[in-house]
Amino acid sequence: MLIGLVRDSVMQCFCHTCRAPGILPAVSRRSAPIKKNNKIRSKQPRLSKKVKFITTEIRCQEKSRGGLSYEVILAEPAPNVAVPKRPVTPGKNVSVEEIEQKLKAAEERRISLEAKKMADISTKLAKVEEATRKKDEITNEFITQTKEQLESKMELHVEKREAIISDMKEKLKIHAQDIEKTRETLEQQKANEQKAIEEKLKIAQSLRDENIKKMLDRLKEHNTIKIAEIKSQNDQLECQKIEEKARIYENKLFAAEQKREKELQKKIEKVQKLERRAELVRQNKAQAQDLDGQQSAIASSG
90 MLIGLVRDSV MQCFCHTCRA PGILPAVSRR SAPIKKNNKI RSKQPRLSKK VKFITTEIRC
150 QEKSRGGLSY EVILAEPAPN VAVPKRPVTP GKNVSVEEIE QKLKAAEERR ISLEAKKMAD
210 ISTKLAKVEE ATRKKDEITN EFITQTKEQL ESKMELHVEK REAIISDMKE KLKIHAQDIE
270 KTRETLEQQK ANEQKAIEEK LKIAQSLRDE NIKKMLDRLK EHNTIKIAEI KSQNDQLECQ
330 KIEEKARIYE NKLFAAEQKR EKELQKKIEK VQKLERRAEL VRQNKAQAQD LDGQQSAIAS
390 SG
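The numbering of the sequence shown is this note's numbering, which starts it at 90 and goes up by one.
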């Protein structure tokens, strides 16, 4: 209210007979456009004598160019005004019986509320216990079903693995038998070739002897040194040929023997690897059975 009065007083002229136009605070005198007042000057009507003046003094002072400062001097404080008091309602006379009845009714309400709360709590506890029981039943059923499925899968997996291992063992056995047969065949071929070579050598030796004999018969008239050189050269050539053939056969037999040994070693390593895998499967199955026994023991104890 005081701020409104101060604002109205500032907007009015100091003589209280006319009102000054509003000054925009953000517009400076230099920057504001100058407007010519083309209106005809006339005398303003005086206010009526019934104007109620406010006991507030306002002093204006120009401290800087284009700026004004105002001092507001308040009037003397008004005397203390008595505030009307609220009428006191007369008290109601309450008897002891009414108080006891109210206390009894309040006690009955409290007991009924407590009984209702206890009934609600017992109902909630029963629901919680029922939900816990159902959850335990579902969990146990899920555990048993999962356990049965895992056991069936494990048994099926073990059976399949054992069948695969037995099949591979049978195949490896057949392959080893084939290798053994091949080795025996190669040895037989080697013996036959050795016999053939020996026979050929004998025939060649006999032919060579015959040729030498014929040549000796023909060259009886030649020099003995030349005959000996020719004979030695022929012997060396024959020996070189025989040695070369024997070396070739030996190399072939050695390569075949090494190849057979490598194949046997590979098959043996495969069989050992399969046996190790089967042993790991059996160990895992035993560990799973031990773990299931421990879990069942814990569940039974719980």
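All C-beta atoms in this analysis are idealised placements derived from N, C-alpha and C, irrespective of residue type, glycine included.
Can you tell me where the alpha helix (DSSP H) with residue 309 in it begins and where it stops? As a first step, residue 309 must be located in the sequence shown, where it is residue number 220. Bounds of any alpha helix (DSSP H) do not take in residue 309, whose DSSP letter is neither H nor E.
Residues of its chain near residue 352, where Cβ-Cβ distance is below 7 Å and the 5 sequence neighbours each way are ignored: As a working note, residue 352 is residue 263 in the sequence shown. Non-local C-beta neighbours of residue 352 in its own chain, meaning closer than 7 Å and more than five positions away in sequence, comprise 268, ordered along the chain.
Rounded separation between residue 238 and residue 341 - CA only: Against the sequence shown, residue 238 aligns to sequence position 149. Against the sequence shown, residue 341 aligns to sequence position 252. Approximately 58 Å between the Cα atoms of the pair.
So, under 8 Å CB-CB, residue 360 and residue 247 are touching, yes? Tell me the CB distance rounded to an integer number of Å. Start at 1 with the first residue of the sequence shown, and residue 360 comes out as number 271. Start at 1 with the first residue of the sequence shown, and residue 247 comes out as number 158. About 19 Å; that fails the 8 Å criterion.
Starting from residue 382, follow its DSSP beta bridges and name the residues at the other end. For this step, residue 382 is matched to residue 293 along the sequence shown. DSSP, once it has assigned bridges, lists no residue as partnering residue 382.
Taking 9 Å as the cut-off, decide whether the C-beta atoms of residue 323 and residue 301 are in contact. Translated into the one-based positions of the sequence shown, residue 323 becomes position 234. Translated into the one-based positions of the sequence shown, residue 301 becomes position 212. Contact: yes.
If you reduce the DSSP assignment to three classes, tell me which class residue 184 lands in. In the sequence shown, the residue the question calls residue 184 occupies position 95. Residue state, collapsed to three classes: coil.
If I measure Cβ to Cβ from residue 258 and keep anything under 8 Å in the same chain, skipping five residues before and after, which residues do I get? In the sequence shown, the residue the question calls residue 258 occupies position 169. Here the set comprises 360, 363.
Taking 6 Å as the limit between beta carbons, can you name the residues of its chain near residue 251, skipping five residues before and five after? Looking up residue 251 in the sequence shown gives position 162. Same-chain partners within the cutoff: there are none.
State whether the segment 271-290 contacts the segment 331-341, with contact taken as three or more CB pairs (one from each stretch) at a distance under 8 Å. Three or more pairs of CB atoms, one per stretch, sit closer than 8 Å, so the segment 271-290 contacts the segment 331-341.
Using the three-state DSSP reduction, which class does residue 201 fall into: helix, strand or coil? Within the sequence shown, residue 201 is the residue found at index 112, counting from 1. Here residue 201 sits in helix by DSSP.
Beta carbon of residue 271, beta carbon of residue 349: below 9 Å? In the sequence shown, counting from the first residue as 1, residue 271 sits at position 182. In the sequence shown, counting from the first residue as 1, residue 349 sits at position 260. With respect to the 9 Å criterion, residue 271 and residue 349 are classified as neighbours on the basis of their beta carbons.
Thinking just about the alpha-carbon of each residue, which of 245, 335, 233 is nearest to the one in residue 382? Here the question's residue 382 lines up with position 293 in the sequence shown. Ranking 245, 335, 233 by Cα distance to residue 382 puts 233 first.
Alpha carbon of residue 188 to alpha carbon of residue 197, nearest angstrom: As a working mapping, residue 188 is identified with position 99 in the sequence shown. As a working mapping, residue 197 is identified with position 108 in the sequence shown. Cα to Cα, residue 188 sits roughly 14 Å from residue 197.
Just to confirm, are residue 254 and residue 367 a CB contact at a threshold of 9 Å? Here the question's residue 254 lines up with position 165 in the sequence shown. Here the question's residue 367 lines up with position 278 in the sequence shown. Result yes, Cβ atoms of residue 254 and residue 367 sit closer than 9 Å.
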